[in-house]
Amino acid sequence: MIDVYPFDLPLATPYRWSKGTQHSRAGLIFRVTLDGAVGWGETAPPPHLPVDGEKLKGEALDVLKDLDPYREDFIGRLDERTPAPRIRTGITTAWIAAKAAAEGLSFAEYLGKGWRQPVTQVPVNGLVGEADPAAVVERCGQIWDQGIRTFKIKCTDDHALDDQRVAAIRAAFPDATLRLDPNEAWTPENMLSRLEHMSQHEIQYCEEPIPSAYTLANLDRFARLREQSPIPIALDQSVTSTEITKRIIDAKAADVLILKSQAMGGFDHAVEIIRLGEAAGILSVMTSSLETAVGLTASLHGAAILPPPLPACGLSLGRFYARDIAVKPEIDNGIMQVPAGPGLGLSSVDLT
Numbered sequence: 146m147i148d149v150y151p152f153d154l155p156l157a158t159p160y161r162w163s164k165g166t167q168h169s170r171a172g173l174i175f176r177v178t179l180d181g182a183v184g185w186g187e188t189a190p191p192p193h194l195p196v197d198g199e200k201l202k203g204e205a206l207d208v209l210k211d212l213d214p215y216r217e218d219f220i221g222r223l224d225e226r227t228p229a230p231r232i233r234t235g236i237t238t239a240w241i242a243a244k245a246a247a248e249g250l251s252f253a254e255y256l257g258k259g260w261r262q263p264v265t266q267v268p269v270n271g272l273v274g275e276a277d278p279a280a281v282v283e284r285c286g287q288i289w290d291q292g293i294r295t296f297k298i299k300c301t302d303d304h305a306l307d308d309q310r311v312a313a314i315r316a317a318f319p320d321a322t323l324r325l326d327p328n329e330a331w332t333p334e335n336m337l338s339r340l341e342h343m344s345q346h347e348i349q350y351c352e353e354p355i356p357s358a359y360t361l362a363n364l365d366r367f368a369r370l371r372e373q374s375p376i377p378i379a380l381d382q383s384v385t386s387t388e389i390t391k392r393i394i395d396a397k398a399a400d401v402l403i404l405k406s407q408a409m410g411g412f413d414h415a416v417e418i419i420r421l422g423e424a425a426g427i428l429s430v431m432t433s434s435l436e437t438a439v440g441l442t443a444s445l446h447g448a449a450i451l452p453p454p455l456p457a458c459g460l461s462l463g464r465f466y467a468r469d470i471a472v473k474p475e476i477d478n479g480i481m482q483v484p485a486g487p488g489l490g491l492s493s494v495d496l497t
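Just add 145 to the spot in the sequence shown (first one is 1) and you have my numbering.
1. Once the 5 residues before and after residue 313 are set aside, which same chain residues still bring their CB inside 8 Å of it?
2. Could you spell out the range, first to last residue, of the alpha helix (DSSP H) harbouring residue 466?
3. Would you call the CB atoms of residue 206 and residue 147 closer than 7 Å?
4. Over the uninterrupted alpha helix (DSSP H) stretch that includes residue 439, give me the two end residues.
5. Whose C-beta lies closer than 8 Å to the C-beta of residue 337 among residues of the same chain, with five residues either side of it excluded?
6. Assuming residue 440 contacts residue 433 (C-beta within less than 8 Å), just tell me the rounded distance between them.
7. Assign residue 161 to one of three DSSP states: helix, strand, or coil.
8. Which ranges would you report for the beta strand (DSSP E) in the region 302-377 if only whole runs of at least 3 residues count?
9. Nearest to residue 174 by alpha carbon, out of 244, 167, 189 and 411?
10. Cα separation between residue 351 and residue 324?
11. In chain order, which alpha helix (DSSP H) runs of at least 4 residues are fully inside the region 387-446?
12. Nearest-angstrom Cα distance between residue 294 and residue 408?
13. Quick check on residue 461: buried or exposed, where buried means 16 or more other Cβ atoms within 10 Å of its Cβ?
14. Going by CA-CA distance only, name the one from 309, 222, 254 and 271 that's closest to residue 264.
15. Return helix, strand or coil for residue 204, following the three-state DSSP convention.
16. Could you check if residue 324 belongs to the surroundings of the ligand GDP, using beta carbon to heavy atom distance under 6 Å?
17. Check whether the region 418-427 touches the region 391-402, taking contact to mean three or more Cβ pairs, one atom from each stretch, closer than 8 Å.
18. With a cut-off of 8 Å, do at least 3 Cβ pairs link the region 210-223 to the region 469-481?
19. Counting only runs that start and end within the region 170-247, where is the beta strand (DSSP E) found for 3 or more residues in a row?
20. Looking only at C-alpha atoms, which of 304, 268, 405 and 334 sits nearest to residue 288?
21. Go ahead and label residue 495 buried or exposed: buried means 16 or more other beta carbons lie within 10 angstroms of its beta carbon, across all protein chains shown.
22. If distances are taken between C-alpha atoms only, which option among 318, 358 and 309 comes closest to residue 331?
23. When DSSP labels each residue in this structure, what does residue 285 get in the three-state scheme?
24. In the DSSP output, what is residue 296 paired with across the bridge?
25. Please report how far the alpha carbon of residue 165 lies from the alpha carbon of residue 193, in whole angstroms.
26. Using alpha carbons as the reference points, say which of 489, 244 and 276 lies closest to residue 300.
27. Shortest alpha-carbon distance to residue 488 belongs to which of 285, 403, 257 and 152?
28. Tell me the rounded alpha-carbon separation between residue 187 and residue 453.
29. Taking Cβ positions, are residue 234 and residue 486 nearer each other than 7 Å?
30. Measure the beta-carbon distance from residue 183 to residue 246 and round it to whole angstroms, keeping in mind my assumption that it falls under 8 Å.
31. Thinking C-alpha only, which one of 261, 354, 393 and 340 is nearest residue 365?
32. Rounding to the nearest angstrom, what Cα-Cα distance links residue 168 and residue 476 in this structure?
33. Compute the Euclidean distance between the alpha carbons of residue 136 and residue 321, then round it to the nearest angstrom.
34. Return helix, strand or coil for residue 474, following the three-state DSSP convention.
35. Compute the beta-carbon to beta-carbon distance between residue 328 and residue 457, rounded to the nearest angstrom, for a pair I have assumed lies under 8 Å.
36. Could you please give the first and the last residue of the uninterrupted beta strand (DSSP E) stretch that includes residue 481?
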């Protein structure tokens with residue numbers, strides 16, 4: 146049995162990034178039940194796009210029509226219908242989680258079966274999106290008090306303000322690891338100058354500095370920009386499939402791969418991309434997409450099968466929700482414990 150539930154939840158803290166400021170989050174929750182074993186999954190559309198929950202549910206139900214979740218080829222038959230990646234993520238996460246639960250395994254153990262023993266703890270980074278430099282430092286202090294030592298700083302096209310924000314953070318936290326995330330807000334023309342300027346602040350890497358459409362259409366040119374960059378380059382929005390990831394790796398266009406299950410179409414695809422990156426010696430970092438506790442917990446399991454030693458992963462976004470669908474994993478001294486399962490190991494799921 147597969148059930149689909151639209152949700153629309155208020156955010157306790159506005160989510161600010163280069164594409165705007167969000168005050169709520171909407172999407173779909175999937176529940177797959179196989180002989181009493183339950184699996185959960187989430188479809189999380191891009192945060193800045195309006196969502197009609199009932200329409201999105203209709204799209205999911207159309208894709209699922211007459212599909213039998215008890216068939217072992219369920220995912221293959223689903224793929225014949227070419228579902229949108231984020232809908233595929235929700236459906237396949239729930240189905241794989243139910244299969245894992247039926248075997249008494251956690252989601253991470255099921256994903257890693259036969260090739261990787263998952264870890265039980267995942268370090269996380271803290272997200273910094275506040276605009277005012279003083280507010281940024283205050284936010285970083287709150288993150289630091291959680292034991293988190295890696296800050297991911299959202300940047301925009303307001304270069305003067307971003308310069309002040311990053312400089313203030315580095316001055317206040319000289320021992321922190323800093324990452325930049327312009328979310329495609331820079332241009333091919335100013336990318337290198339921005340990176341050269343920011344390099345004075347000892348940046349670990351910079352995520353998707355320019356529009357991914359340009360990057361993927363000009364991979365060789367982007368690879369040359371990466372070679373000239375004083376800061377390692379991570380690709381995020383560009384990493385959407387195994388085939389595209391192969392192109393990125395072959396072109397030597399990335400130092401780091403940022404993995405978001407929503408963009409990739411599911412954790413079975415994430416496993417393929419993790420293995421590609423590992424074979425190429427490229428660091429992979431798992432991150433969530435401002436999902437509820439359902440999607441966040443799934444990404445935590447996904448992070449548990451990254452090659453050790455694990456980098457700090459982008460899994461600390463649960464704080465944005467005023468209320469959540471389930472109990473989200475807690476951060477203890479900068480670490481999240483991976484639920485033991487079965488399946489996702491969620492508790493107190495509330496869809497009312």
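Ideal Cβ positions, reconstructed from N, Cα and C, are used throughout, including at glycine.
Answer, in terms of the structure:
1. As a working mapping, residue 313 is identified with position 168 in the sequence shown. Once the five neighbours on either side are set aside, the close Cβ partners of residue 313 are 278, 279, 281 and 282.
2. On the sequence shown, residue 466 is found 321 positions in, with the first residue counted as 1. From DSSP, residue 466 is part of no alpha helix (DSSP H); its letter is neither H nor E.
3. Translated into the one-based positions of the sequence shown, residue 206 becomes position 61. Translated into the one-based positions of the sequence shown, residue 147 becomes position 2. No, they are not a contact pair.
4. In the sequence shown, counting from the first residue as 1, residue 439 sits at position 294. Unbroken alpha helix (DSSP H) run through residue 439: 438-448.
5. Along the sequence shown, one-based indexing puts residue 337 at 192. 370, 373 and 374, listed in sequence order.
6. The count along the sequence shown starts at 1 and reaches residue 440 at position 295. The count along the sequence shown starts at 1 and reaches residue 433 at position 288. About 6 Å; that satisfies the 8 Å criterion.
7. Taking the first residue of the sequence shown as 1, we reach residue 161 at position 16. Reduced to three states, the DSSP call for residue 161 is strand.
8. 322-326 and 348-352
9. On the sequence shown, residue 174 is found 29 positions in, with the first residue counted as 1. Here the closest residue by C-alpha is 189.
10. For the purposes of this step, residue 351 is taken as the residue at position 206 of the sequence shown. For the purposes of this step, residue 324 is taken as the residue at position 179 of the sequence shown. Each residue's alpha carbon lies about 6 Å from the other.
11. 387-396, 406-409 and 412-425
12. Position 149 of the sequence shown, counting from 1, holds the residue named residue 294. Position 263 of the sequence shown, counting from 1, holds the residue named residue 408. Rounded to whole angstroms, residue 294 to residue 408 spans 27 Å at the Cα level.
13. Indexing the sequence shown from 1 puts residue 461 at position 316. Counting Cβ neighbours within 10 Å, residue 461 comes out buried, since at least 16 surround it.
14. As a working mapping, residue 264 is identified with position 119 in the sequence shown. That would be 254, whose Cα lies nearest to the Cα of residue 264.
15. What you label residue 204 is simply residue 59 of the sequence shown in a count that begins at 1. It is helical.
16. The ligand GDP is not part of this structure, which contains no ligands at all.
17. yes
18. no
19. 182-188
20. Within the sequence shown, residue 288 is the residue found at index 143, counting from 1. Measuring from the Cα of residue 288, the nearest candidate turns out to be 268.
21. Position 350 of the sequence shown, counted from the first residue, corresponds to residue 495. Exposed, since its Cβ has fewer than 16 Cβ neighbours within 10 Å.
22. If you number the sequence shown from 1, residue 331 lands on position 186. The option with the nearest alpha carbon to residue 331 is 358.
23. For the purposes of this step, residue 285 is taken as residue 140 along the sequence shown, with counting starting at 1. Reduced to three states, the DSSP call for residue 285 is helix.
24. Counted from its first residue, the sequence shown places residue 296 at position 151. Residue 296 is bridged to 271 and 323.
25. Taking the sequence shown and counting its residues from 1, the one referred to as residue 165 is at position 20. Taking the sequence shown and counting its residues from 1, the one referred to as residue 193 is at position 48. The straight-line gap from Cα to Cα measures roughly 7 Å.
26. To locate residue 300, count along the sequence shown from 1; it is residue 155. For residue 300, the nearest C-alpha among the options comes from 276.
27. In the sequence shown, counting from the first residue as 1, residue 488 sits at position 343. Residue 488 has its Cα closest to that of 257, out of 285, 403, 257 and 152.
28. Position 42 of the sequence shown holds residue 187. Position 308 of the sequence shown holds residue 453. Their backbone Cα atoms lie some 27 Å apart in a straight line.
29. By one-based count along the sequence shown, residue 234 stands at place 89. By one-based count along the sequence shown, residue 486 stands at place 341. Cβ atoms of residue 234 and residue 486: not closer than 7 Å.
30. One-based indexing of the sequence shown puts residue 183 at position 38. One-based indexing of the sequence shown puts residue 246 at position 101. Correct: roughly 6 Å between the Cβ atoms.
31. Start at 1 with the first residue of the sequence shown, and residue 365 comes out as number 220. If we check each option's Cα against that of residue 365, 393 comes out closest.
32. Here residue 168 corresponds to residue number 23 of the sequence shown, with the count starting at 1. Here residue 476 corresponds to residue number 331 of the sequence shown, with the count starting at 1. Distance between the alpha carbons of residue 168 and residue 476: 23 Å.
33. Given a span of 146 to 497 for the chain in the structure shown, any question on residue 136 remains unanswerable.
34. Locating residue 474 in the sequence shown gives position 329, where the first residue counts as 1. Coil, per DSSP.
35. Mapped onto the sequence shown, residue 328 falls at position 183. Mapped onto the sequence shown, residue 457 falls at position 312. Going by Cβ atoms, the distance from residue 328 to residue 457 rounds to 19 Å, so no, they are not a contact pair.
36. Residue 481 sits at position 336 when you count from the first residue of the sequence shown. Counting along the chain, the beta strand (DSSP E) containing residue 481 begins and ends at 480-482.
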